[in-house]
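*Asks:*
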Amino acid sequence: MEPVIQITREPLNREALVAAVAAPEVGGMVIFEGVVRNQARGKQIRYLEYDAYPEMAEQQIRLIVEEARKRWGAERVAVAHRLGRVEIGEASVIIVVATPHRAEAFEACRYIIDTLKTTVPIWKKEVSLDGEAWVEG
Amino acid sequence: MEPVIQITREPLNREALVAAVAAPEVGGMVIFEGVVRNQARGKQIRYLEYDAYPEMAEQQIRLIVEEARKRWGAERVAVAHRLGRVEIGEASVIIVVATPHRAEAFEACRYIIDTLKTTVPIWKKEVSLDGEAWVEG
Amino acid sequence: MRYFAGLREVVGQDAELLTVPEGTTVAAARTLLITRYPRLQPILERSLCAVNREYVPADRTLQENDELVFIPPLGGGAA
Amino acid sequence: MRYFAGLREVVGQDAELLTVPEGTTVAAARTLLITRYPRLQPILERSLCAVNREYVPADRTLQENDELVFIPPLGGGAA
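As you go down the protein sequences, you meet chains A, B, C and D in turn.
Sequential numbering of the first sequence, starting at -14, is according to this note's numbering.
Sequential numbering of the second sequence, starting at -14, is according to this note's numbering.
Sequential numbering of the third sequence, starting at 216, is according to this note's numbering.
Sequential numbering of the fourth sequence, starting at 216, is according to this note's numbering.
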């Protein structure tokens, strides 16, 4: 299938992403969710604010998913990233990978999130009690 | 938290398991789902039938989750396994691991499913067009 | 004794009482079972042993009221 | 030129037109920007370069209508 790629200001919908990758040949599915947590680097976080270069972000995600397809045969993939203000406990990113066997789903999902975090032009600003700052990895 | 462990004949409820592990300190969540697929070992599968030694299965899962807590600090874990007849596309097992950082969630989730498959007394019978057989790994 | 999966289908029941002399090992109980149900031999030889819900080695000796279960090979694998 | 994240906040706008001689490299455009916005220097020196939505090396020469974006360091990390 064509990968599902969403970069959106709306809350992410895990159920819809799972439904998009479902198929009778799927034996294992791995879902990763990045969730906004209440602290980071010793600061109390109030919320995060995500910004993206959206056209390039989508293109970069497409390249990453294509690489996962080549390496692990991961044919059924959905990636969604939230933009704008995201509250504690909300998902900022969801990746769903469905494959016939579980090992490939784990490998591909991990590869996609690790690579996304380092190469996809999406930035986060931490808004804490002390102020706000763009986070550098 | 005390791990959530369910061994049940009812359809598994991903949303409820995710809700059970949610917490403000969670930054990464990995969900694994084993799904009944339409073929295995060259056979067309009609459905699977799961049997368990339930008291021992629950105890073994508890040991595995405890080991994941020790190794990766995975404090928030839910494991659910379905018994009885499970149709194509339905989940037979769901594991949810939520941790402050994603690496630990991936490692712990993978460890739990891999170990569960080899040490927890739950068996599956494949019912195919050719007949039925208990599967040996 | 409780039976699960393939073992239960061969034996045709979920559980039965096994009366053995004091000091009988799990291995000896296995031999006794094979005598009683010869068709169990191949599957029992590939099974692990559990007593009171824990895996045990075959030289474990049985006590009164022990719950003995042979664990047929698990599906496991890559699915 | 389009600006995102920390760069946008310093520049105070989303995008602007940058007119440079033919054959100007991305590196030269970066130097020009730093002249115009001295406060960009630290962040621009840690940024990657993208032209038309692909990462490019700093010696890439710019063509008419190229979309040039400096990509500030990504959050990435272990979160």
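The beta carbon of each residue, even a glycine, is placed where N, CA and C say it ideally should be.
Have a look at Pro(-12)(B) and Ala63(B) and give me their C-alpha separation to the nearest angstrom.
*Replies:* Position 3 of the second sequence, counting from 1, holds the residue named residue -12(B). Position 78 of the second sequence, counting from 1, holds the residue named residue 63(B). So the alpha carbons of these two residues sit roughly 6 Å apart.
*Asks:* At the 7 Å Cβ level, is Ile46(B) part of the contact set with chain A, yes or no?
*Replies:* Along the second sequence, read from residue 1 onward, the residue named residue 46(B) stands at position 61. By this cut-off, Ile46(B) is not an interface position.
*Asks:* Quick one: measure Cβ to Cβ for Arg61(A) and Ala83(A), integer angstroms, because I've assumed they're closer than 8 Å.
*Replies:* Working through the first sequence from its first residue, we reach residue 61(A) at position 76. Working through the first sequence from its first residue, we reach residue 83(A) at position 98. Their Cβ separation, rounded to whole angstroms, is 4 Å, which keeps Arg61(A) and Ala83(A) in contact under 8 Å.
*Asks:* Between Gly58(B), His86(B) and Ala42(B), which has its C-alpha nearest Val105(B)'s C-alpha?
*Replies:* Here the question's residue 105(B) lines up with position 120 in the second sequence. Nearest C-alpha to Val105(B): Ala42(B).
*Asks:* Taking only the alpha-carbon atoms, compute the straight-line gap between Glu51(A) and Tyr218(D) and give it to the nearest angstrom.
*Replies:* The residue you call residue 51(A) lines up with position 66 of the first sequence. The residue you call residue 218(D) lines up with position 3 of the fourth sequence. Whole-angstrom Cα-Cα distance: 28 Å.
*Asks:* From which residue to which residue does the beta strand (DSSP E) around Tyr32(A) run?
*Replies:* For the purposes of this step, residue 32(A) is identified with residue 47 of the first sequence, where counting begins at 1. It spans Lys28 to Ala37 - the beta strand (DSSP E) in which Tyr32(A) sits, taken as one unbroken run.
*Asks:* By Cβ distance below 6 Å, which residues in the same chain neighbour Thr239(C) in space, the five residues on each side in sequence not counted?
*Replies:* Walking along the third sequence from the start, residue 239(C) turns up at place 24. Result list for Thr239(C): Leu277, in chain order.
*Asks:* For Val71(A) and Gly290(D), which I take to be in contact (beta-carbon distance under 8 Å), what is that distance rounded to the nearest angstrom?
*Replies:* For this step, residue 71(A) is matched to residue 86 along the first sequence. For this step, residue 290(D) is matched to residue 75 along the fourth sequence. That belief does not hold up - the Cβ atoms of Val71(A) and Gly290(D) are roughly 12 Å apart, past 8 Å.
*Asks:* Could you tell me the alpha carbon to alpha carbon distance between Tyr96(B) and Val81(B), rounded to whole angstroms?
*Replies:* Taking the second sequence and counting its residues from 1, one reaches residue 96(B) at position 111. Taking the second sequence and counting its residues from 1, one reaches residue 81(B) at position 96. Looking at the two C-alpha atoms, the distance is approximately 12 Å.
*Asks:* Pair every Cβ in the segment 263 to 275 of chain D with every Cβ in the segment 240 to 248 of chain D, then say whether three or more of these pairs are closer than 8 Å.
*Replies:* Yes, the segment 263 to 275 of chain D is in contact with the segment 240 to 248 of chain D.
*Asks:* Where does Gln45(B) fall in DSSP's three states?
*Replies:* Taking the second sequence and counting its residues from 1, the one referred to as residue 45(B) is at position 60. Helix.
*Asks:* Who are the neighbours of Glu109(B) on chain C, taking C-beta pairs under 7 Å?
*Replies:* Taking the first residue of the second sequence as 1, we reach residue 109(B) at position 124. Position check: residue 109(B) holds Lys in this sequence, whereas Glu was assumed. Result: Gly290.
*Asks:* Under a Cβ-count criterion, where at least 16 other Cβ atoms within 10 Å of its own Cβ denotes burial, should Ala25(A) be classed as buried or exposed?
*Replies:* Residue 25(A) sits at position 40 when you count from the first residue of the first sequence. Looking at its Cβ environment, which holds 16 or more other Cβ atoms inside 10 Å, Ala25(A) is buried.
*Asks:* Tell me whether the beta-carbon of Ala59(A) lies closer than 7 Å to the beta-carbon of Ala53(A).
*Replies:* Position 74 of the first sequence, counted from the start, is the residue given in the question as residue 59(A). Position 68 of the first sequence, counted from the start, is the residue given in the question as residue 53(A). It is a contact, given that the beta carbons lie within the stated cut-off.
*Asks:* Closest to Gly19(A) by CA distance: which of Gly19(B), Phe91(B) and Ile(-8)(B) is it?
*Replies:* Locating residue 19(A) in the first sequence gives position 34, where the first residue counts as 1. Residue Phe91(B) is the option with its Cα nearest to Gly19(A).
*Asks:* Short of 8 Å Cβ to Cβ, which residues in the segment 95 to 120 of chain B face chain C?
*Replies:* Residues Lys102, Thr103, Thr104, Val105, Pro106, Ile107, Trp108, Lys109, Lys110, Trp119 and Val120.
*Asks:* For a contact meaning CB atoms closer than 7 Å, what does Glu40(A) contact in chain D?
*Replies:* Here the question's residue 40(A) lines up with position 55 in the first sequence. Per Cβ cutoff of 7 Å: Arg268.
*Asks:* Measure from the alpha carbon of Met(-14)(A) to the alpha carbon of each residue in Arg47(A), Ala76(A) and Tyr32(A), then state which is nearest.
*Replies:* On the first sequence, position 1 is the one that residue -14(A) refers to. When each option's Cα is compared against that of Met(-14)(A), the closest is Arg47(A).
*Asks:* Check distances from the C-beta atoms of the segment 9 to 29 of chain B to those of chain A and list, in chain order, the residues that come in under 9 Å.
*Replies:* From the segment 9 to 29 of chain B, only Pro9, Glu10, Val11, Gly12, Gly13, Met14, Val15, Ile16, Phe17, Glu18, Gly19, Val20, Val21, Arg22, Asn23, Gln24 and Ala25 have a Cβ closer than 9 Å to chain A.
*Asks:* In whole angstroms, give me the CA-to-CA distance for Val0(B) and Leu232(D).
*Replies:* The sequence position of residue 0(B) within the second sequence is 15, counting from 1. The sequence position of residue 232(D) within the fourth sequence is 17, counting from 1. Just to set this straight, residue 0(B) is Glu in the shown sequence, not Val. Taking the straight line joining both Cα atoms gives about 48 Å.
*Asks:* Can you give the Cα-Cα distance for Val3(B) and Arg67(B), rounded to whole angstroms?
*Replies:* Your numbering for residue 3(B) matches position 18 in the second sequence. Your numbering for residue 67(B) matches position 82 in the second sequence. Roughly 17 Å separates the two Cα atoms.
*Asks:* Name the chain A residues whose beta carbon is nearer than 9 Å to that of Ala7(B)?
*Replies:* Numbered from its first residue, the second sequence carries residue 7(B) at position 22. Going along chain A in sequence order, the residues near Ala7(B) (Cβ under 9 Å) are Val20 and Gly74.
*Asks:* Identify whether Glu279(D) lies in helix, strand or coil by the three-state DSSP scheme.
*Replies:* Position 64 of the fourth sequence, counted from the start, is the residue given in the question as residue 279(D). Note: Glu279(D) maps to coil in three-state DSSP.
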